Amino acid sequence: MEKKMKPESLMMSYGYKPALSEGAIKCPIFQTSTFVFHTAEEGKAFFEVAYGLREKAEGEELGLIYSRINNPDLEILENRLTLWDEAEDCAVFESGMAAITTVLLEFSKPGDTILISSPLYGGSDHFIRKVLPKFHINVLTYTVGQSLQEVIRLVEDSGLADSIALVYIETPANPTNDLIDIAESKTIARHFSNDKKTVYLAVDNTYMGPLWQHPLKHGADLVLYSATKYIGGHSDLIAGACLGSKSLLQRVKGLRTFLGNMASPNTGWLLLRSLETLKVRMDMQARNANKIAEFLNHHPLVEKVYFLGNLSPADGRAYEIRNRQCMANGAMISFDIRGSEVEAFTFLNSLKLIKLAVSLGSTESLAEHPATMTHVDVDPELKAQLGITERMIRLSVGVEYYEDIIWDLKQAFEAIKNL
Ligand SMILES: *Cc1c(COP(=O)(O)O)cnc(C)c1O
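For what it's worth, our numbering labels the leading residue of the sequence shown as 81, then goes sequentially.
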């Protein structure tokens, strides 16, 4: 009998057959645009499957045709990524935005409405609010803390209830770590589904995945990643991924073939390397984050810390969602520094080990100023409502020794005292 192994045990070998690559222990980079067919009959059979002209026969695999359609590096990567979320299938893209925009385009059409949670990642928000309206696709927004009944009423009052095509959410929200209930979002999607259409739920899981939160288990139909973040984990590539059922992924991969926004073989190969250490990296980052939050919680120059590990029964619903949905507290911490932009900038300019940069989830710790950087585009009123002020600093905790990170934070706080 086969033992069912954990994903981390399979990341070095799953889906790769050394015998097909001269015995190489690692999957080579298949830097090739096209693949040679043995016979014309074989080429015909591969194309029939690729273009959906017939169903795959029992045990038949899609043969290699052309690297915009399939490539061994990407196929092995996709198979390995399915293990973490226990998804049926996966598609990798040349960026997180490529994965997100492909899903949005595949699951909506002119006249439809997309229901989103707010705040979303800036790029997603821009595409949904500024680009999709050009194709006559509407948007409705709900925010953290709104009840199921409130969201349903909001949609019904808008007059757009019949046109809802997709619910698209992101949790925890960036940079405040506010939580959206995935199961409840699925209830909303179901509420607006009927005999003629299914409203799907898509979740951007970049902030917690693929280790610390598994949206498919809570009812999501599609999970999206910027693989640039934890999955890549070394700040040396841009990539994205989408996971879900075979039938939905067939649609996603179909559009990907024609947009041509799949990842390159080289990026796929780099991600295969990254996946081997995903578990140890993320475990260490989460452990470090707990220690760093503890330090910030007690620092006199810190006014407020936004961290999942700080939630307590007093936080009511948020605490309950965290316990049900998240398997760790993540490695993203935001905090309000005492003072204003001057104090925040002095702090950021004084860091020595932690790098002043946007992005997240990488081996090195990063710090940034959401109000003037990642969230500069957010409507001022919404910014105020969300608590994204000039005092806020966002940290992505890396794998360095935690006492060194804390030393760096401590000396940057000291610099403020000298202002
Ligand atoms: C970075 C990010 C994206 C966009 O991904 P890219 O790889 O930069 O295209 C989308 N969503 C979230 C939550 C992100 O952090």
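From the three backbone atoms N, C-alpha and C, an ideal C-beta is built for every residue, glycine too. Just so we're clear, the structure is a prediction, and the values are computed from it rather than from any experiment.
Residue i lies in the beta strand (DSSP E); which residues open and close that run?
i	result
Asp-284	280-284
Ile-177	It is Met, not Ile, that sits at residue 177 in the sequence shown. Not the beta strand (DSSP E): Met-177 falls in the alpha helix (DSSP H), residues 176-186.
Val-438	Taken as a continuous stretch (DSSP letters only), Val-438 belongs to no beta strand (DSSP E), as it is neither H nor E.
Thr-221	218-223
Val-235	First-last for Val-235: 228-238, but that is the alpha helix (DSSP H), not the beta strand (DSSP E).
Ile-109	No beta strand (DSSP E) contains Ile-109, which DSSP labels as neither H nor E.
Glu-155	Counting along the chain, Glu-155 falls outside any beta strand (DSSP E), though it belongs to the alpha helix (DSSP H) covering 152-165.
Give me the residue from the options with the minimum Cα distance to residue i.
i	options	result
Asn-368	Leu-436, Glu-250, Ala-408 and Asp-275	Ala-408
Leu-228	Ile-260, Leu-161, Arg-418 and Ser-354	Ile-260
Thr-112	Val-235, Ala-171 and Gly-348	Gly-348
Tyr-131	Glu-121, Leu-142 and Glu-138	Leu-142
Pro-152	Ser-315, Ser-414 and Gly-95	Gly-95
Ala-282	Gly-324, Glu-135, Ala-307 and Gly-123	Gly-324
Ser-273	Gly-123, Ser-243 and His-294	Ser-243
Met-472	Ile-413, Pro-98 and Glu-483	Ile-413
Leu-391	Ile-401, Val-382 and Ala-241	Ile-401
Leu-200	Ile-485, Val-219, Asp-192 and Gly-299	Val-219
Asp-484	Asp-459, Lys-83, Val-279 and Ile-372	Ile-372
Lys-333	Phe-187, Thr-357 and Glu-140	Phe-187
Leu-185	Gly-467, Leu-335 and Tyr-482	Leu-335
Leu-466	Leu-144, Asp-258 and Glu-158	Asp-258
Phe-375	Tyr-482, Arg-148, Glu-264 and Glu-135	Tyr-482
Met-342	Ala-125, Asn-370, Ala-178 and Asp-316	Ala-178
Thr-454	Ser-93, Ile-180 and His-206	His-206
Ser-197	Val-116, Leu-291 and Leu-462	Leu-462
Gly-299	Gly-239, Ile-318, Asp-316 and Val-247	Val-247
Gln-293	Val-279, Asn-403, Glu-135 and Thr-114	Asn-403
Met-288	Gln-330, Arg-353, Val-224 and Met-362	Met-362
Glu-135	Gly-396, Phe-173, Thr-337 and Ser-327	Ser-327
Lys-214	Leu-329, Val-224, Leu-499 and Lys-189	Lys-189
Glu-356	Glu-140, Ile-156 and Thr-193	Ile-156
His-379	Ile-486, Asp-459, Thr-443 and Leu-329	Ile-486
From the DSSP output, in three-state form, read off residue i for me.
i	result
Asn-498	coil
Leu-291	coil
Gly-202	helix
Leu-100	helix
Met-364	helix
Tyr-386	strand
Ala-125	helix
Ile-372	helix
Ser-354	helix
Ile-244	strand
Ala-171	strand
Ala-447	strand
Ile-208	helix
Can you list, in chain order, the residues of its chain whose CB lies under 8 Å from that of residue i, leaving out five sequence neighbours each side?
i	result
Leu-90	Arg-160 and Leu-163
Lys-277	Ala-245
Leu-234	Leu-220, Tyr-222 and Gln-226
Grab the span of the alpha helix (DSSP H) containing residue i for me, first residue to last.
i	result
Ser-198	Per DSSP, Ser-198 belongs to no alpha helix (DSSP H); it is in the beta strand (DSSP E), 193-198.
Ser-89	87-90
Arg-270	262-271
Ala-137	Ala-137 -> no alpha helix (DSSP H), and no H or E assigned at all.
Sorted by chain position, which residues of the same chain lie with C-beta nearer than 6 Å to residue i's C-beta, five sequence neighbours on each side aside?
i	result
Leu-446	Lys-435, Ala-437 and Ser-476
Ala-464	none
Lys-501	With the chain running from 81 to 499 in the structure shown, residue 501 is simply not present.
Asn-377	Val-385
Asp-284	Glu-250 and Leu-304
Arg-474	Pro-255, Ser-414, Glu-448 and Pro-450
Ala-492	Phe-427, Ser-430 and Leu-431
Cutting at 7 Å between CB atoms, please list the residues of its own chain near residue i, excluding the five before and the five after it.
i	result
His-271	Ile-232
Gln-365	Ala-411, Val-477, Gly-478 and Val-479
Thr-267	Leu-228
Leu-339	Thr-182
Gly-191	His-216 and Ser-243
Glu-500	A query on residue 500 cannot be resolved here, the shown segment of the chain reaching from 81 to 499 and no further.
Asp-237	none
Pro-87	Leu-163 and Trp-164
Leu-381	Ile-417, Arg-418, Phe-493 and Ile-496
What runs of the beta strand (DSSP E), each 3 residues or longer, lie entirely inside the region 303-352?
-> 320-324
Please specify which runs of the beta strand (DSSP E), each continuous and at least 3 residues long, are wholly inside the region 375-427, giving them in chain order.
-> 382-386 and 412-417
Start-end ranges of the beta strand (DSSP E) lying completely within the region 446-490, minimum 3 residues = 446-448 and 472-476
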